[in-house]
Amino acid sequence: ALLRRIASATTALKPGMTVTNEPGYYETGKFGIRIENVMLIKSTETEHNFGSAGWMTFETVTMVPIQKKLINVSLLSPSELEWLNNYHQECLEKLSPILAKMDPKALRWLQEACSPLSHN
778 ALLRRIASAT TALKPGMTVT NEPGYYETGK FGIRIENVML IKSTETEHNF GSAGWMTFET
838 VTMVPIQKKL INVSLLSPSE LEWLNNYHQE CLEKLSPILA KMDPKALRWL QEACSPLSHN
């Protein structure tokens with residue numbers, strides 16, 4: 778049986794707040810797998826602004842590659858695969874300058890961990 782954690786909240790989301798995005802899979806009494814990223818809520822511009830309310834979007838704050846050995850690429854849609862590759866590219870771009878100064882071995886690991894996946 779799958780367990781789902783459903784949280785109810787009464788506080789409205791506002792720019793500057795952070796939340797976690799925690800997709801997971803759990804089997805009762807056996808194991809659980811969860812990937813958790815911290816997300817920053819930001820105001821964003823859109824083509825249409827209904828009622829002058831404004832819109833918000835999420836920016837991923839966590840910059841840790843998702844372990845590719847855990848991914849069955851054949852189960853990903855093209856847009857999911859694109860998101861994953863874009864996320865890994867962002868991790869690489871933000872972390873490479875830091876690791877290049879600190880640890881060449883860690884930089885090589887990051888480059889491999891962030892290399893693109895494909896459906897081929």
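Here our numbering is used: the first residue of the sequence shown is 778, the next is one more, and so on.
In this text, a Cβ means the ideal position worked out from N, Cα and C, and glycines have one as well.
In this text the structure is predicted, and so the values were computed from the model without any measurement.
Cα separation between residue 887 and residue 807? Here residue 887 corresponds to residue number 110 of the sequence shown, with the count starting at 1. Here residue 807 corresponds to residue number 30 of the sequence shown, with the count starting at 1. Rounded to whole angstroms, residue 887 to residue 807 spans 31 Å at the Cα level.
Quiz item: When DSSP labels each residue in this structure, what does residue 897 get in the three-state scheme?
Solution: Locating residue 897 in the sequence shown gives position 120, counting from the first residue. Correct three-state label for residue 897: coil.
Point to revise | For residue 847, the nearest candidate out of 817, 810 and 793 (CA to CA) | key: The sequence position of residue 847 within the sequence shown is 70, counting from 1. Measuring from the Cα of residue 847, the nearest candidate turns out to be 810.
Would you tell me roughly how many angstroms separate the C-alpha atoms of residue 873 and residue 884, rounded to the nearest one? Mapped onto the sequence shown, residue 873 falls at position 96. Mapped onto the sequence shown, residue 884 falls at position 107. So the two alpha carbons sit approximately 6 Å from each other.
Excluding sequence positions up to five away, which residues of its chain have a Cβ less than 7 Å from the Cβ of residue 792? The residue given as residue 792 occupies position 15 in the sequence shown. Only 818, 819, 820 and 833 meet the Cβ criterion.
Exercise. If you count every other CB in all the chains shown that lies within 10 Å of the CB of residue 865, and 16 or more means buried, which is it?
Worked result: One-based indexing of the sequence shown puts residue 865 at position 88. Flag for residue 865 reads buried.
Q) In chain order, what residues of the same chain have a beta carbon less than 6 Å from the beta carbon of residue 813, not counting five sequence neighbours either side? A) The residue labelled residue 813 in the question sits at position 36 within the sequence shown. 797 and 799.
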